[in-house]
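Novice: Before I ask anything, here is the structure I am working with.
In my numbering, the protein residues as written are 12 to 248.
Shown next as structure tokens:
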């Protein structure tokens with residue numbers, strides 16, 4: 012059984028469509044390419060619509076905005092609009108019709124894949140998660156909130172995701188590259204291994220400041236990476 016998420020590419024320029032096909036399939040998606048608005052509507056309004064559509068605005072026959080308009084009348088399949096028209100009015104019209112994101116040509120195929128990941132993650136319904144509880148430290152994923160000894164610890168979204176990743180893999184030492192992949196998989200365009208060091212430094216400082224004993228909750232393992240280490244747990248020597 013194929014459990015890959017299905018992406019529909021609607022692009023009348025064959026070369027661009029084929030490039031997106033390759034990149035999306037390489038990223039682990041099942042992708043299909045059609046070249047006109049009617050074919051797009053047949054897929055989007057059919058009995059098994061795709062999980063997301065990358066939809067060019069300028070199409071022969073039925074244009075992309077009309078495809079989006081008709082799609083929104085009956086369903087909420089995520090749609091990323093693609094256009095060569097950069098005027099703000101075009102962008103606003105697309106978003107008002109219900110587009111989930113907007114990309115202007117020329118674009119990087121990697122950027123499109125990153126946006127696909129982000130939109131699918133944002134639109135994915137999720138069941139409530141039980142808070143991560145390590146004793147003194149609790150993470151509530153539904154609220155993106157951290158408390159230490161019952162008091163809130165103000166973290167940025169990236170710091171929260173970093174701490175969440177370290178806790179979820181508390182039996183491992185994570186390298187910087189692993190942290191980039193696990194914590195920021197759809198958000199790495201402006202991040203690198205030095206950024207990880209910076210977020211680790213800030214997170215460590217905030218936790219240590221909030222801890223009555225000054226315990227360092229994140230342990231650096233020289234030449235390897237970082238590990239979550241609550242008080243009394245000295246696993247990694």
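Yeah, the Cβ is synthetic: ideal placement off N, Cα and C, and Gly gets one too.
Please read all numbers here as calculations on a predicted model, not as lab measurements.
1) Within 10 angstroms of the Cβ of residue 37, are there 16 or more other Cβ atoms? Answer buried if so, exposed if not.
2) Going by beta carbon distance, what residues of the same chain come within less than 6 Å of residue 67, once the five residues before and after it are set aside?
3) Can you check whether the CB of residue 70 is closer than 8 Å to the CB of residue 43?
4) Within 8 Å, do at least three Cβ pairs link the region 79 to 86 to the region 26 to 40?
5) Between the Cα of residue 236 and those of 212, 163, 225, 242, spot the shortest distance and give me the residue it belongs to.
6) Quick test of the definition: if touching needs 3 or more C-beta pairs under 8 Å, does the region 42 to 60 touch the region 153 to 169?
7) To the nearest angstrom, how far is the alpha carbon of residue 191 from that of residue 72?
8) Restricting to runs no shorter than 3 residues, where is the beta strand (DSSP E) found entirely within the region 35 to 111?
9) Per DSSP, residue 162 is paired with what?
10) Looking at residue 122: is its Cβ nearer than 8 Å to the Cβ of residue 130?
11) Does residue 208 come out as helix, strand or coil in the three-state DSSP assignment?
12) Give me whichever residues DSSP pairs with residue 238 in a beta bridge.
13) Does DSSP classify residue 168 as helix, strand or coil?
14) Does residue 95 pass the burial test, meaning 16 or more other C-beta atoms within 10 Å, or should it be called exposed?
15) Report the option in 118, 116, 86 whose CA atom is closest to the CA atom of residue 110.
16) Inspect the beta-carbon positions of residue 126 and residue 178 and report whether they are closer than 8 Å.
17) Can you say whether residue 168 is buried or exposed, counting buried as having 16 or more other CB atoms within 10 angstroms of its CB?
18) Excluding the 5 residues flanking residue 166 on each side, which residues of the same chain have their C-beta closer than 6 Å to its C-beta?
Specialist: With the structure as the only source:
1) Stepping through the chain shown from its first residue, residue 37 is reached at position 26. Label assigned to residue 37: exposed.
2) Locating residue 67 in the chain shown gives position 56, counting from the first residue. Only residues of its own chain outside the window of five on either side were considered, and among them 21, 22, 75, 93 have a CB closer than 6 Å to the CB of residue 67, listed in chain order.
3) Counting from 1 along the chain shown, the entry for residue 43 is found at position 32. Counting from 1 along the chain shown, the entry for residue 70 is found at position 59. No, the pair does not count as a contact, with Cβ atoms beyond the cut-off.
4) With a cut-off of 8 Å, the region 79 to 86 and the region 26 to 40 do not count as touching, because too few Cβ pairs lie within range.
5) Within the chain shown, the letter at position 225 stands for residue 236. Of the residues 212, 163, 225, 242, the one whose Cα lies closest to the Cα of residue 236 is 212.
6) Contact between the region 42 to 60 and the region 153 to 169 is absent: fewer than three C-beta pairs spanning the two stretches fall below 8 Å.
7) Counted from its first residue, the chain shown places residue 191 at position 180. Counted from its first residue, the chain shown places residue 72 at position 61. When rounded, the distance between both Cα atoms is 43 Å.
8) Complete beta strand (DSSP E) runs here, min 3: 41 to 45, 63 to 67, 90 to 94.
9) One-based indexing of the chain shown puts residue 162 at position 151. Answer by DSSP bridge pairing, in chain order: 159.
10) Taking the first residue of the chain shown as position 1, residue 122 is located at position 111. Taking the first residue of the chain shown as position 1, residue 130 is located at position 119. With respect to the 8 Å criterion, residue 122 and residue 130 are not classified as neighbours on the basis of their beta carbons.
11) Counting from one through the chain shown, the residue named residue 208 turns up at place 197. In the structure shown, residue 208 sits in a helix (DSSP, three-state: H, G or I).
12) In the chain shown, residue 238 corresponds to position 227, counting from 1. BP columns for residue 238 point to 230.
13) The residue given as residue 168 occupies position 157 in the chain shown. DSSP places residue 168 within a helical segment (H, G or I) once states are collapsed to three.
14) Mapped onto the chain shown, residue 95 falls at position 84. Looking at its Cβ environment, which holds fewer than 16 other Cβ atoms inside 10 Å, residue 95 is exposed.
15) What you label residue 110 is simply residue 99 of the chain shown in a count that begins at 1. Ranking 118, 116, 86 by CA distance to the CA of residue 110 puts 86 first.
16) What you label residue 126 is simply residue 115 of the chain shown in a count that begins at 1. What you label residue 178 is simply residue 167 of the chain shown in a count that begins at 1. With respect to the 8 Å criterion, residue 126 and residue 178 are not classified as neighbours on the basis of their beta carbons.
17) Here the question's residue 168 lines up with position 157 in the chain shown. Within 10 angstroms of the beta-carbon of residue 168 lie fewer than 16 other beta-carbons, which makes it exposed.
18) As a position in the chain shown, residue 166 is number 155, starting the count at 1. For residue 166, where only same-chain residues beyond five positions count, the Cβ hits under 6 Å are 157.
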